[in-house]
Every structure is written in structure tokens, then in C-alpha cells.
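Scroll down for the structure; my scribbles are underneath it.
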Amino acid sequence: MDLSSPAAPPSLSCLGPELIQLIFKQRFGAASILYELGQFSSVFRDSWSLHHSHVDIDKMWPSTLLDPKKRGAQKTRLYVSELPLCDYEAPIEDAYQRAIPSNMLVSLKLVHPSTPLVTNLKPLKNLLLKSSRLETLQYEDRGQGTQLVFQSPDERMPALIDLSLTSYDWQHSAEDVKQHWDFSRIRTLGLISVPIFNFLSTVSFQDLRDLRELRVDDWSSHMPDRRLEATEMLSQLIGNHIYALDTLEITCHIKHFDLQSLRGHARSLQRLKLRDHVGFRDEDRVCPTLLVSDVCALAKTLPFLRSLEIDMDVANCPSEPFLEAVSQFSRLQTLTLHVQTAVRPMDYSPEGVDLDAKEAMRMVLNLTRSRAEQDPTRPWKQIIINVGGWQPVMVRRLGSTWRMLNEQGITAERHFVASRSGNRYEVVDASIPDNHVCLGRLV
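Have a look at this one:
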């Protein structure tokens, strides 16, 4: 934070970060704020790790640090991150507006609340409606989530450039969207744990034509399953309306996604994540997988792709031809491959052999050999083998057999990473964060 900003009161220049930290400790938990001053060439950052507490409206607010009426205030760009999502009630329902000078706010990134579900978004909505300069909004709730409720025709969201919604229960009608949302400047869109069919049914595809990044992961278990229709609508949006994506990350019904829709993005697409809803959390279900011929076709269609994330279920296809096809992407540097565990709990007998580690090493070896044979000048930068739906934070499989195996240190969810170092690859078991185990090195 630059204390010499024309928008800051003169007395503030003598105050240190310690006092500012005390001010913020009266307000929000886990928040950090960046002020970028337009008249200066550099950006100053101050971050605080704070404890969330009740809001005392008699105390000083962060907004008092910058006076919106001061000369130069219009050049000040305010970034707020890790702001807790809270449903403040009267008499402090305007807490966000008091805390944050809305006419300086250009980026707002929220974190999920400590309570399971926030039902009142009016305090947040009031801040957003006042923030006419807002460019970036990252909203994060939990579970099903809720949505903004607009109450009058003149309530309209700012024209966002970057919008990310996580656990947002999109139930807006097409008329609501037309009246209250503005997608005219949107370039980056993330919809995670959002009912995608509802969103695509209400938003004009024409307004999304300039998207550069699109991330989609459906959540609609609380309503009729329309994910198949959503997959078909995604194909139409990507193939017929968006001009040039450089990042596409979607979870869909892979067999119903039209791969031809990617042709229009052949010269721009650099990152692709294409996964199926089924995934690998249940070893009794087969995860739909791209055909080897589909992978070969994509390798020819997307010559500039640098990062790829896909599923491979060996119950659907033999692994060696599939891995060889993946190696045909000429500029691909990073590969994330999701697979099923090699452990079969009902007939597993411990023999001192780590089956998933052995299988991961075999896959990495096949991938590195195939790449070396096709183009030795373009080695892999990183290969990730995600086994059994591993996530950094997750609930492990709950069946009685799996619980018994887990007690023996045998788990279905694993995470292996092979990274290029010099002229060799180092393969590590990264299943436990901050406790990586080296499995070996490959030339």
C-alpha cells in the first residue's frame, strides 16, 4: 500500500503496517488487500492473516484509509481478496459498503463462509451494484449455494471481465439475466458447482463470443439431471459462438461432447481439460474415455496445445495405444491423466508391492519413451497421474473393505508427479501434501 497516494489522508503517511493490521483485525478473517495506484509505476502489496470476528460498527473501517473524494482517487485501483462471505443482518447489513470504497474497487475475491450455507446475499449485492469499476469477481460458497436476488429493474451488475462462481445456485430466468447481468466485456468465465443447464439456458451465447477462458464443472444433484443437455449446449457454444479460446476446462458427458467444436480454436487453444462426470471415485463404475482415434485426431487438430488433462479407464481402452496417441501432441508439455486404482479390494492380498505406484511408473515410462521416439527435442515438462479421484482435501472411500485397507496404509486415491530435471525425470508420490516420496528417476 502506498501511503503517499493523493487519495490517502496526510496523517496516514506516518502510520506503519502494524496500525493498519490492527484496523483490519476488527473486521474480516483471512483477508488481504492490494492497492494499485495509477499514477505510480509500481504496485505495492500488504497482506494480513486475520481472525474473523463480529463487526463493530463504531470502530474504524478500512475504507477510511482511502478517501474517495480526494484528488487522484479516480486513479486508485483497489483489489480485495480472501474476503469472507457473510450474510450480515441489520443494523450492519451495509458492512461491505462501509468497509470497501466501491468506486475504487476493481477486483473482489471472496472465500467460502465458515457457516455451511449463506442465505442472505443482500449485503454483497449492494456492494456489487455500487462498484461500477469492478472487473473481477470470484464468488465462493459451499454445497448447493444460493444466488443474488434482484428486487428492482434498475439493479444491474457491473460489466465484469473475469467472473468465477463456485457453489452458486443459478436459478435466474432469461429475463433476469437480460435485465440485471452484463456480460458484454466478459473474457474469463468459471462455473464450478453451478447448474450449467440453467446458466446456458438463460444467457445469450452472443454475449460470450469473446471468451478467452472457460471453466465448467456442473452441480445439479438437487434438481432434475440435465447434464446431458448441458453437454450438447456447451458443444454449440464452443463450436458456433466463441471466437478463440486459449483455455478450456470442462467436465461433461464425454461421449456427447462434439470434439469437432474444438476445430475453431485450433490456433488459440493452449490448455484443455476434458473430463467425464463419472470420474474414478467408484471402482465399480467405468469412466467414459476418449477413443484412441479421437486422441490422435485432437493431436492433429490442436497443434499449439501445451497442457492436457483427460481420463483414461483401461476397462474402456488399452493403455499403451492411448498413451502413444497422447504423445503425438507436438507442443504438449504438461499432461494430467486420471485413472482408476489398480487395487481390487475384494481380492487384494498384500505382497509388499505398491500396485498403483508400479502402474504409474509404467505409464510415465511409456509416455517418455513415446515422446523421445517421436520428437526427442521436446521432452515432457511434467506428467501427473491422478489415481482414484485423488484431491488435496477429500473423504476416502468408506466401504468396510477399504477402511480395513486404509488402516494398513493402502488407499485408492493417489497422486504421482513426474517432473523433468536436467536430462532425466524424477517421479514422486505426492499423495500426501508436504510429504513427497521419490519413487525413482528415469532418463
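Using the working numbering, read the sequence shown as starting at 1 and increasing by one per residue.
Each residue gets a CB set at the ideal place from its N, CA and C atoms; glycine is no exception.
DSSP bridge partner residues for Q382 (one or two, in chain order): Beta-bridge annotation (DSSP): Q382 is paired with T334, S419.
Terminal residues of the alpha helix (DSSP H) in which S201 lies: Element bounds for S201: 196-202.
Sub-8 Å separation of I161 and T202 beta-carbons: No, they are not a contact pair.
Simplified DSSP state of Y139, which is helix, strand or coil: Strand.
Three-state secondary structure assigned by DSSP to P84: Looking at P84 - three-state DSSP - the assignment turns out to be strand.
Straight-line gap, N103 to Q328 (C-alpha atoms, nearest Å): So the two alpha carbons sit approximately 50 Å from each other.
Assigned exposure category for I452 - 16 Cβ within 10 Å defines buried: No answer is possible for residue 452: it lies beyond the span of the chain, which begins at 1 and ends at 443.
Straight-line gap, D225 to Q260 (C-alpha atoms, nearest Å): So the alpha carbons of these two residues sit roughly 25 Å apart.
Option nearest R344 by Cα separation, candidates K273, G399, A174, P318: Nearest C-alpha to R344: G399.
Segment contact flag, the stretch 329-340 with the stretch 303-317, C-beta cutoff 8 Å, min 3 pairs: Short answer: they touch.
Cβ neighbour criterion (16 or more within 10 Å) applied to C438: It is exposed - the Cβ of C438 has fewer than 16 other Cβ atoms within 10 Å.
Closer than 7 Å: A412 CB and nearest the ligand MG heavy atom: Because no ligand of any kind appears in the structure shown, any question about the ligand MG cannot be addressed here.
N- and C-terminal bounds of the alpha helix (DSSP H) containing T454: Coverage of the chain is limited to positions 1 through 443, which leaves residue 454 absent and any answer about it impossible.
Contact belief for T341 with V286 at Cβ below 8 Å, rounded distance in angstroms: Cβ-Cβ separation between T341 and V286: approximately 14 Å, too far for a contact (criterion under 8 Å).
Stretch pair the stretch 239-248 + the stretch 262-274: three plus CB contacts closer than 8 Å: Yes, the stretch 239-248 is in contact with the stretch 262-274.
For L208 and P84, the rounded distance between their alpha carbons: Between the alpha carbons of P84 and L208 lies a distance of about 29 Å.
Segments assigned alpha helix (DSSP H), at least 4 residues, entirely inside the stretch 167-245: Taken in chain order, the whole alpha helix (DSSP H) runs of length 4 or more contained in the stretch 167-245 are 174-180, 196-202, 227-240.
Straight-line gap, D94 to K130 (C-alpha atoms, nearest Å): Cα to Cα, D94 sits roughly 12 Å from K130.
Straight-line gap, A315 to V292 (C-alpha atoms, nearest Å): Linking A315 to V292 through their CA atoms gives a straight-line distance of about 13 Å.
Chain-order list of residues whose beta-carbon lies under 6 Å from that of K485 (same chain, five-residue window excluded): Outside the shown range of the chain (1 to 443) lies residue 485, about which nothing can therefore be said.
Closest Cα partner of H468 within the set I432, I238, E283: Shown here, the chain extends from 1 to 443; a query on residue 468 therefore has no answer.
Burial state of K125 (16 or more Cβ within 10 Å): Residue environment analysis places K125 among the buried positions, since at least 16 neighbouring C-beta atoms fall within 10 angstroms of its C-beta.
E359 vs G389 beta-carbon contact at 8 Å: In this structure, G389 does not lie closer than 8 Å to E359 by Cβ.
Sequence-distant residues of its chain with Cβ nearer than 8 Å to R371 (five each side left out): Cβ neighbours of R371 within its own chain (closer than 8 Å, five residues either side excluded): S327, R378, P379, W380.
Presumed contact (8 Å Cβ cut-off) between F280 and H338, rounded CB distance: About 6 Å separates the beta carbons of F280 and H338, which is inside the 8 Å limit, making them a contact pair.
Endpoints, beta strand (DSSP E) assigned at E309: For E309, the enclosing beta strand (DSSP E) covers residues 307-311.
Contact check, S319 vs M363, beta carbons under 8 Å: Closer than 8 Å, so yes.
Length of the line joining the Cα atoms of L137 and A244: One C-alpha to the other measures close to 22 Å.
Exposed unless 16 or more other CB atoms sit within 10 angstroms - verdict on T119: Looking at its Cβ environment, which holds fewer than 16 other Cβ atoms inside 10 Å, T119 is exposed.
Where D434 falls, given that 16 or more other Cβ within 10 Å makes a residue buried: Label assigned to D434: exposed.
Own chain partners of R156 with C-beta closer than 6 Å, once the 5 adjacent residues on each side are dropped: Excluding sequence neighbours, R156 sits near H180.
Backbone CA spacing between H277 and P195 [nearest angstrom]: Each residue's Cα considered, the two are about 13 Å apart.
Beta-carbon proximity check, R267 vs F322, cutoff 8 Å: If you check the CB distance, R267 and F322 do not come in under 8 Å.
Counted within 10 angstroms of its Cβ, other Cβ atoms place M346 as buried (16 or more) or exposed: Exposed, because fewer than 16 other Cβ atoms sit within 10 Å of the Cβ of M346.
Whole-angstrom C-beta distance between M361 and G440, which should lie under 8 Å: Correct: roughly 7 Å between the Cβ atoms.
Same chain, Cβ closer than 6 Å to E213, neighbours up to 5 away in sequence not counted: These residues qualify, in order along the chain: T188, T247.
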